[in-house]
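Numbering (my numbering), first residue to last: 70 to 573.
All residues carry an ideal CB built from backbone N, CA and C; glycine is no exception.
Written below as structure tokens is the structure these notes are about.
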Ligand code: GAP
């Protein structure tokens, strides 16, 4: 697998992602998406929104603001608790995130350790500053919230925060959303948007940034209905690598066990049908975008790592070149957030359950919380192939999410005008690239490298037979088709209504 450093170089070269403000030396943890990156990211978000919101009648979407009333973050606990432990060098003052440093140095899970445990590990293992090799000061807590001031007066009263997650808006607007959309339990509220965290050690390219995007769902149920999941049949036979809390606590030498969701539920490893349903659904979504099923697993949080409000938390993890890491978090948050907002706002956020004829504060049985940037990175890792035979990189992106769908190449300069007509015919329907420079081989290679699934060559015969050649990126096979049929054929290919081998 390509390293994360090489992936960052590739993304910059091809116009997927750049380091932010590079001409001024760059800003750690901030990235800009380039012309291809913006399209790919949009396609990933659109696919998520379609599957999770538009194709369902139990989930509605919102788009909340980035800055909200600061009381929101007091109620949610972020102002007092959203912190990581930080190690500071006693000599050069370099600061690093303690748990990540320990995990990297000693290969032990340190997420959720308290300050005493971290200090002991640092002392016992004589860990020193990676920059200047001096000792660390005692570990300190660092709050990750980005602060700003709202309005012209810069004082304590005007302090506000950039949201560190999109989730809270779904709780704060809960009552209005339920009433305006006439929602009945079970239902979900979804949102895609920016989130900001002042990470101590942003690293691994898009994996840990200070500004990123999330796609989140809060899925609400009646607290008595944890196992009444009407969709569970869709996923019972779905197989996924499972790394339970028990396996971790017994320090079993395994990456997990491949199991069906049905068996994990029967054995009580996954505690609720809803959690099983959402974990499998998220895995299936990645596979539908061309990711490799075997590079994913679900890992249950061990007791010391779980947030105080969570009944059970699982992460969908991906095997990155730098190890198994969280791709998506999925906590059973119970009614913690709604109760906190009821307490702090003094507003009634309960709803009347028509079926049970009672007032209830619903529970969030699962909160699928996916980082867009991490999803983007995972897709790139899984479709990136260094094809030695072709002598170039091939991005085997699913045509649905490929940033450019069709390349159009005239075989000779004299054919430019005629082939441009083909480009004009297609460009209102698909994102196309008209490429006239270099040999056709070079043009195919350039197209492969940015994942264009279908390339069309216009040759001298095209003038006579009104046909062109389509080349399939993944196996380089070619087929001749009438220009009149091109739009329909490409549409079917991109939407997987027909296979390339079946076009004659
Ligand atoms: N509302 C729950 C929540 O925010 P989280 O586990 O802190 O949970 C959810 O974040 C997801 O957001 C992560 O699984 C990851 O995909 C993404 N994410 C979190 N912090 C990130 C960061 N600093 N950079 C990029 N993505 C991040």
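Measuring alpha carbon to alpha carbon, tell me which of the options ends up nearest residue i.
i	options	result
residue 156	206, 366, 143	206
residue 138	447, 226, 211	226
residue 239	572, 508, 418, 545	418
residue 236	159, 228, 221, 257	257
residue 331	341, 322, 325	341
residue 145	404, 541, 495	404
residue 518	214, 82, 167	82
residue 263	559, 174, 469, 99	99
residue 281	355, 438, 116	438
residue 135	72, 248, 78, 260	260
residue 326	394, 362, 366	366
residue 291	397, 426, 442, 459	426
residue 294	562, 254, 531, 182	254
residue 512	476, 245, 448	476
residue 492	523, 119, 172	523
residue 387	482, 355, 87, 370	355
residue 285	244, 351, 317	351
residue 148	234, 402, 482, 380	234
residue 401	306, 95, 382, 110	382
residue 277	192, 216, 389	389
residue 120	358, 569, 543	358
residue 436	344, 538, 508, 409	344
residue 442	101, 93, 92, 78	101
residue 557	504, 499, 508	499
residue 296	384, 171, 334	334
residue 373	178, 170, 97	178
Under the three-state reduction of DSSP, which class applies to residue i: helix, strand or coil?
i	result
residue 355	helix
residue 592	Nothing in the structure corresponds to residue 592, since the chain is present only between 70 and 573.
residue 245	helix
residue 488	helix
residue 564	coil
residue 220	coil
residue 208	coil
residue 502	strand
residue 508	coil
residue 174	helix
residue 225	helix
residue 196	coil
residue 451	helix
residue 185	helix
residue 191	helix
residue 262	strand
residue 318	helix
residue 334	helix
residue 430	coil
residue 443	helix
Please look up how many angstroms separate the CB atoms of residue i and residue j, rounded, as I've assumed it's under 8 Å.
i	j	result
residue 312	residue 346	Actually they do not touch by this definition, with Cβ atoms about 19 Å apart.
residue 141	residue 130	In fact, because the Cβ distance is near 19 Å, the residues do not count as touching under 8 Å.
residue 527	residue 484	5 Å
residue 309	residue 349	7 Å
residue 521	residue 550	With 8 Å as the limit, residue 521 and residue 550 do not qualify as a contact, their Cβ atoms being about 17 Å apart.
residue 579	residue 203	An answer regarding residue 579 cannot be provided, because it is not within the stretch 70 to 573 covered by the chain.
residue 76	residue 391	With 8 Å as the limit, residue 76 and residue 391 do not qualify as a contact, their Cβ atoms being about 11 Å apart.
residue 433	residue 288	6 Å
residue 275	residue 407	The pair is not a contact, with the Cβ atoms about 32 Å apart (cut-off 8 Å).
residue 182	residue 168	6 Å
Taking 6 Å as the cut-off, is the C-beta of residue i nearer than that to any heavy atom in ligand 2?
i	result
residue 144	Of the ligands this structure carries, namely ligand 1, none is ligand 2.
Classify residue i as buried or exposed, calling it buried when 16 or more other Cβ atoms lie within 10 Å of its own Cβ.
i	result
residue 360	buried
residue 70	exposed
residue 377	exposed
residue 265	buried
residue 323	exposed
residue 185	exposed
residue 175	exposed
residue 74	exposed
residue 210	exposed
residue 398	buried
residue 95	exposed
residue 271	buried
residue 250	exposed
residue 302	exposed
residue 201	exposed
Length at least 3, wholly inside the stretch 72-150: the beta strand (DSSP E) runs in chain order: 86-88, 100-102, 128-131
Ordered list of beta strand (DSSP E) runs contained in the stretch 270-316, each at least 3 residues: 280-290, 308-312
Minimum length 4: unbroken alpha helix (DSSP H) runs contained in the stretch 371-426: 405-414
Start-end ranges of the alpha helix (DSSP H) lying completely within the stretch 514-553, minimum 4 residues: 529-534
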